[in-house]
Each structure stands twice: as C-alpha cells, then as structure tokens.
Amino acid sequence: MKKALGCIILLLMLIGTMVVPAIGQEAFTIEEYSVQVVVREDNSYSVNEVINVFFTEQRRGIFRNIPTFSSDNKARVRGIKVSDHQYNITSHSNYIEIRIGNPDVWISGNQSYNISYDFIVGYDDNPEYDEFYFNLIGPEWDTIIKKANFEIIMPKSFDEEKLNFTIGRFGSTSSEGVDYHVEGNTIFASTNRVLENFEGVTIALVLPEGYYSDAKPLSAIINPYRYGFYFLALIFAIGAFMLWSKYGRNNRLVAPVQFYPPKNMTSAEVGYLINDTVNPRDVTSLIIYWAAKGYLKIVETENDEDNAFARLRNKFAKKEFTLIKIKDLDSSKNFENIMFKDLFETYGDGEQVTSEELKQTFYETMNVVVSQVQAYYQTDARAIFEPLSLKLRVLVLFMGFLPSFAFLSIVFGVELYSLLL
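Using the working numbering, the first residue of the sequence shown is number 112, and each one after it goes up by one.
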C-alpha cells in the first residue's frame, strides 16, 4: 500500500513538472525595464526604453507592442528605432507591433533592447484641463518584470499633488508598488515589487488647461516629407509645360474646309495623320475609298422573306453585303495592293467576296495593313512628326502624371506613413 501511494505521489509530481511550462509564459524574463520620457509643450513625448531580457530557452527575439491611443485620445507613433538589432514594424488597428530579432539567428541568455520613438497626442478636446497620461509599461507582457525604473521630464512646473501611478493588470486602480519622487520638473519612479504576467504601470498627471501651449490637432500636424512632394510636383509640372511649349505646341492654323483627302493619300493614311495611329475603321474605310474610285462595287444582300416578322428582324439585324471587283487596283502603295488582293483572292473567289466570308479571318490582313501604314510614315523621308517630339511626348506625359501621383502619395501614402512611424 505504501509503495502504491508513493508511486502515485511520484507520478503526480512528474505530471506537475510537465504541466507548469505549458501555462503560456514567454521563454524569457525581463530583468530590468527602464523608461525615459521627455514631454514637449506640443503634447508629444520622446520615449526611450531599455529592456534587459534573460532567455531561458533559445528564441529569435521579442515583440514590443505600442498602442496608438492615450486615455481617450488617438495618438501617432513616429520615428521608431531599435539600436543594434534587426526589427520589423507592422501596423494594427490600435497598436503598432515591433518584431525585434533576426529570424535566422537563435539567441539565449542575457539580451538588451534599446527602443526609441515619438508618441504624439497633440491637442485634446477637453476644455477643462490638460493631462499627461501614458502607459510606461503596457499590460501585454506574458512574463515577469523583476525591476522597472522611470524618468519623466516635464517641460515646465506642475502640481505634484495631482500625480498618480497605477500598477497591475488592465483596469487596476492600485498604486501600491511604485515609489517616486520629484526633482524640479523631473519625476523619478521605480517599482518595489515584481510585475507579474500581464501587469503594467501607468502614469496620470492632471495639468492646467493650456499647459501644452504648442499643441495642435493630429490632423494639422504636418509631415515634413510632404513639402518635398509639393516641391517635386511643382518642378515636374513646370518642366512638362516648358517642354510642351517648345516641342509639342502646334501653331494655330486656319485652313479652308476640304471634303476630300489630300492628293495621293488614301483614307487609311488620313486616319493616321489625324491621330498618329491606324485603327480598324481606318483600314475598312479603304473599301469605301476603292468603291468611290471605281475599283469595286458594294451590293447589299437582299432578303427574300416576305412575312412581317422577318422584315422586322432584318430591319435591326446587321446588314450583309457582297463586294464585286470591277477592275484591278492600280496603286503604288504596297499596303493597298496587299489588302485588295487578299480581299478577293484569299477570302473570295477572285471576283467577289461576301461579308460572311470575311468574318473571323479578315483581321489578319487588317493587322498587316495597319503595321505597313505606320511603317510607311515612320521613315525619315515621310515622317509626319519629329522623332524628338514623339520621344518628348512620352516624357511630358510621364512628368504631367507625377504631380497627380505626388498628390495622391501625400493624401494616402504620407498620411499612412505618419500613422506607422
């Protein structure tokens, strides 16, 4: 019996040793946590934290979460830096996460992390008093903190009687566990007990209204980078205008109205002259052009159905037609000859072709004609636009786009950057 009882006790002790490490605590302890806060008259704080950690198991680093609010006010966090360690910053809905450590390097034992950042609260909406409220140590650490020291440097004098520290888990109102004293405008404090898992320390100091004489609303705090965006946008806009004025602006011409294309030019070529491109409509217009010149005839296909429904349907249906060759094309332009020949010999029977026969296949010839018309007028002898003008057009379009891009970057990118850093 005694042996059985001893075995049971030994088994329970063994299970206990197996369960304890699984209670979710981090694989490190914080030996000392030091925080220095320099408070400015615009209600922003320069924060420096030194966290001395002892890893009980191998890990790659730690996470530091900084809230983006203070009491009932929103806040911004900028200028995050971690000395002598690799780190990555991720923004969440109400806090910023700093992942500190090299993902490829395992560490253990004593490690020290030096973190600095600016915490900006700005102008608050409370007309009765100002306030310095700050989580010196947040309640997110799932480990013990053996010792914590604080130094808060205020910009001017304050009422020491209105200073209060709270310690414990979220929602705690206890002030037992923090010793502090004031020297001039500087508050020195330290913990006199171990902070357990998820316990933090908060300072609250009620100040007279107007204490933060330079405070501005967060929306009015100007990111210094945006001036650079404004300057670049202005420079590129001016540069684009100057290039357009010198190389791209056409002199105003007043010409008599003409209803015919220029001499020895086809309708497809005129389409290219208008907008420096050839589209399928320009190419198919050659059929009308040839019909006007007497090279072919266009005959609309008649429908023999006599019932009213068929006539109504045909009224809204796409018209079918037949092209009948009258004579061979007499042209010195290769793209005309290719299209005319393919029209009747490749897709038709040599003398005529229907619109039905051209469906789904004629586009291949059209692509050849488009490329040949463009090539015909891109030689130095026939160039309609100066090569430099064409190149500068792309540059001017790019430079004209940059001011809009800069503006959108200011509205979205820079403001988002302000929230993250």
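All residues carry an ideal CB built from backbone N, CA and C; glycine is no exception.
Note that this is a predicted model, so its numbers are computed, not measured.
- Look at the beta carbons and you see the segment 187 to 194 touching the segment 222 to 233: at least three pairs across the two are nearer than 8 Å.
- Secondary structure note for residue 395: it is in no beta strand (DSSP E), and the uninterrupted alpha helix (DSSP H) holding it is 391 to 404.
- For secondary structure counted as the beta strand (DSSP E) over 3 or more consecutive residues, the segment 273 to 312 holds these complete runs in sequence order: 274 to 279, 289 to 294 and 297 to 302.
- Take the alpha-carbon of residue 192 and the one of residue 486: they are about 58 Å apart.
- Around the C-beta of residue 222, 16 or more other C-beta atoms lie within 10 Å, and the residue is accordingly described as buried.
- Per DSSP, reduced to three states, the secondary structure at residue 447 is helical.
- Take residue 378, set aside five residues on each side of it, and the residues of its chain with a beta-carbon closer than 8 Å to its own are 372, 393, 396, 397, 399 and 400, in chain order.
- For the 9 Å CB-CB criterion, residue 244 and residue 320 do not form a contact.
- Here residue 278 is buried: its Cβ has 16 or more other Cβ atoms, across all protein chains shown, within 10 Å.
- The Cβ atoms of residue 242 and residue 182 lie closer than 9 Å to each other.
- In chain order, 244 and 275 place their CB closer than 6 Å to the CB of residue 315, counting only its own chain and leaving out the 5 sequence neighbours on each side.
- Between residue 459 and residue 429, the alpha-carbon positions lie close to 20 Å from each other.
- Per DSSP, residue 458 is not a residue of any beta strand (DSSP E), being assigned neither H nor E.
- At the C-beta level, residue 225 and residue 209 stay beyond 9 Å of one another.
- About 6 Å separates the CB atoms of residue 164 and residue 141; that is less than 8 Å, so the two are in contact.
- Boundaries of the alpha helix (DSSP H) around residue 467: 466 to 469.
- The beta strand (DSSP E) runs lying completely inside the segment 163 to 208 and spanning 3 residues or more are 173 to 178, 187 to 194 and 198 to 202, given in chain order.
- Three or more Cβ pairs closer than 8 Å define a contact, and the segment 298 to 310 meets that threshold against the segment 260 to 267.
- Annotated as proximal: residue 173 and residue 212, with beta-carbon spacing under 9 Å.
- Less than 9 Å divides the Cβ of residue 146 from the Cβ of residue 248.
- Under the three-state reduction of DSSP output, residue 484 falls in the helix class.
- Within a 10 Å sphere around the beta-carbon of residue 180 sit fewer than 16 other beta-carbons, which makes this residue exposed.
- Counting the other CB atoms within 10 Å of its CB gives residue 410 a total below 16, which places it among the exposed residues.
- For residue 245, the uninterrupted beta strand (DSSP E) run begins and ends at 240 to 248, by DSSP.
- Per DSSP, reduced to three states, the secondary structure at residue 383 is helical.
- Annotation for residue 480: 394, 446 and 450 place their beta carbon closer than 6 Å to its own, counting only its chain and skipping 5 residues before and after.
- Residue pairing by DSSP leaves residue 266 without any beta bridge partner.
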